[in-house]
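Working notes, beginning with the structure itself.
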Amino acid sequence: MKYALVFILLFLLPNYAMAQHKTSVDSTNTNITKVDSTLKNNITVIKRFLKDHELWDELLQKHVSNDGKVNYKSFKTEHKKLLDYIYCLSLMHESKYFESFSKTKKIAFWINAYNALTIDLILRNYPLESIKDIKDPWKQRLWKLANLDYNLDEIEHNILRKMNEPRIHFAIVCASESCPKLQNIAFTAENLEEQLTKATQEFLADTSKNEISENEIKLSKIFKWFKKDFEQDGSLIDFLNKYTAIEISDNAKKNFKDYSWDLND
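Going by my numbering, 325 is the number at position 180 of the sequence shown; the sequence numbering is gapless.
Here is the structure:
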């Protein structure tokens, strides 16, 4: 009986929470509301449910292609599951255990949170042609659940960038054609190093975003906007040479490509 109860909690927690504990999704605004205090103490169950970010991983594999294209129309049919995942993130963040997480576990948490909230933002406003069709998209404060009262700018600039891991710029996405592709698997602490390296290498190898040769480089404007992040341990060229097959000259001519904000669908 004990194990049956754990099984039910693990796999039905989000729906049960939303229905029975007044954490609801408004049918028109898709806003998440009040968190019941009894669930806040169920941290063991929440930790197990969030292990490896399984719900987010499932959604990504169903609605995101290998090349990072997002099927927002199909994703919208499972918007409730996405909100369940965001709800669980908020409970985890609110728990007393969160501060004891390792750096890699926190980075994976916030990358997944950023990407999930971006997808949610798009789904709330879908259909649309660009994230910029939304007023102040990165400053929207839509997730006032528990202590997950952040906008996207705050997660990127006040949390992730301060962790001194420049490769996060190729893991978090802005739902646009010129941003790095949305990986269709969740980031995890166990695989973070491999996943960040892969995301960086793929972004640099994508000629629609970067054109690299020994003596000339045409780079994504990400490298212009966040230049200081890539120069923590040397020059920008030093950083690029760690993740490209071509050895770029220190004297290579540098330009930046136009940035497309068209939706990545």
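The beta carbon of each residue, even a glycine, is placed where N, CA and C say it ideally should be.
- Here R286 really is in contact with D294; their C-beta atoms are around 7 Å apart, less than 8 Å.
- Between the alpha carbons of L205 and D395 lies a distance of about 39 Å.
- F401 has L364 as its beta-bridge partners, per DSSP.
- Between the C-alpha atoms of T333 and D278 there is a straight-line separation of about 32 Å.
- Rounded to the nearest angstrom, the Cβ distance from S358 to S321 is 26 Å, too far for a contact under 8 Å.
- Its Cα nearest to that of K398, the residue I362 stands out among I362, K369, D383 and G379.
- The shortest C-alpha to C-alpha distance from E299 to any of K284, W288 and N386 is the one to K284.
- In this structure L385 is in contact with L349, their Cβ atoms being roughly 7 Å apart against a cut-off of 8 Å.
- Residue environment: N409 is assigned as buried (16 or more neighbouring CB atoms within 10 Å of its CB, all protein chains considered).
- With contacts defined by Cβ atoms closer than 8 Å, H314 and I391 do not form a contacting pair.
- Per DSSP, the continuous alpha helix (DSSP H) segment holding A258 begins and ends at K248 to N270.
- Note: V318 is not bridge-paired with any residue in the DSSP secondary-structure output.
- For A390, there is no enclosing alpha helix (DSSP H), since its DSSP letter is neither H nor E.
- Nearest Cα to I267 within the set H198, K218 and F401: K218.
- DSSP, reduced to helix, strand and coil, places I279 outside both helices and strands of the structure shown, so it counts as coil.
- The beta-carbon separation of L200 and Y230, rounded to 5 Å, stays under the 8 Å limit for a contact.
- Sequence-distant partners of E310 (beyond 5 residues in either direction) whose C-beta falls short of 8 Å from its own C-beta, in its chain, are I252 and L341.
- Beta-carbon to beta-carbon, Y259 and I317 are separated by about 5 Å, close enough to satisfy the 8 Å threshold.
- In the assembly as shown, W370 is an exposed residue. Its beta-carbon has fewer than 16 other beta-carbons within 10 Å.
- Going by DSSP, L385 is part of the alpha helix (DSSP H) stretching over L381 to N386.
- Close CB contacts of G213 within its chain, under the 6 Å cut and outside five residues either way in sequence, are with K326 and L327 (chain order).
- Non-local C-beta neighbours of N400 in its own chain, meaning closer than 6 Å and more than five positions away in sequence, comprise K363, ordered along the chain.
- Rounded to the nearest angstrom, the gap between the Cα atoms of A344 and D351 is 11 Å.
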